[in-house]
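Novice: I'd like to ask you about the structure that follows.
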Amino acid sequence: MKKHLAVLVSGGALAVSVLGLQGEAMAASTVGDISVKAHPSGCTYSKYNPDGHQGAIANCSKSNGGHYKAIVVCKRYLDGSKVTREPVIWKSSGDSIVWCPPETFSVSAGVMTKAS
C-alpha cells in the first residue's frame, strides 16, 4: 500500500509539473505575440466637394498599427444649424471619405485617429 501511495504522489507531482511547464510555455508565447500600436501619422484632411457633393476626405501615410477616419462639419441651408458626420468604417490605408447629409454644405473637415 505504501508503494502505491508513493507512486500515486510522485505521479501527481509529475502531472502538476508538466501542466505547470505547459502553462509557462503558453504564457511566454502569448507575451511574444503582443505588439505595441500607435496612432497613425502623416495625416492630411480637407473638405471634399466633387461634382457638387459636400463632404471631407482624410488619409494617413503611416498607420503605425492604428486606424483613422475623416470627419466633416456640415451646415444646414435652412436654419444654419451644424451637424458633424463621420464614416462607420475605420481605415488603416487609403482615403477615408464622409459626406454631408442632403440640404447641407461642408464647413470644415478633420481626421480622427485611434491606436488599434
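Quick note, the sequence shown lines up with residues 8 to 123 if you use this note's numbering. Glycine residues also receive a C-beta, built at the ideal position from the N, C-alpha and C atoms.
Looking at S70 and S99, is the spacing between their C-beta atoms short of 9 Å?
Specialist: In this structure, S70 lies closer than 9 Å to S99 by Cβ.
Novice: Counting only the same chain and skipping the five closest in sequence on each side, list residues whose C-beta sits under 7 Å from that of K82.
Specialist: Around K82: K89, T111, F112 and V114.
Novice: Between the beta-carbon of P47 and the beta-carbon of Y84, is there less than 9 Å?
Specialist: Not closer than 9 Å, so no.
Novice: Tell me the rounded alpha-carbon separation between M49 and G87.
Specialist: The sequence shown places Gly at residue 49, not Met. So the two alpha carbons sit approximately 33 Å from each other.
Novice: Report the rounded CA-to-CA distance for A65 versus V80, giving the unit in angstroms.
Specialist: Each residue's Cα considered, the two are about 14 Å apart.
Novice: Count the other CB atoms, across all protein chains shown, that sit within 10 Å of the CB of G62; report buried if there are 16 or more and exposed otherwise.
Specialist: By the neighbour-count rule (16 or more Cβ atoms within 10 Å), G62 is buried.
Novice: Are the beta-carbon atoms of A116 and K44 separated by less than 9 Å?
Specialist: No, these two residues do not count as a Cβ contact at 9 Å.
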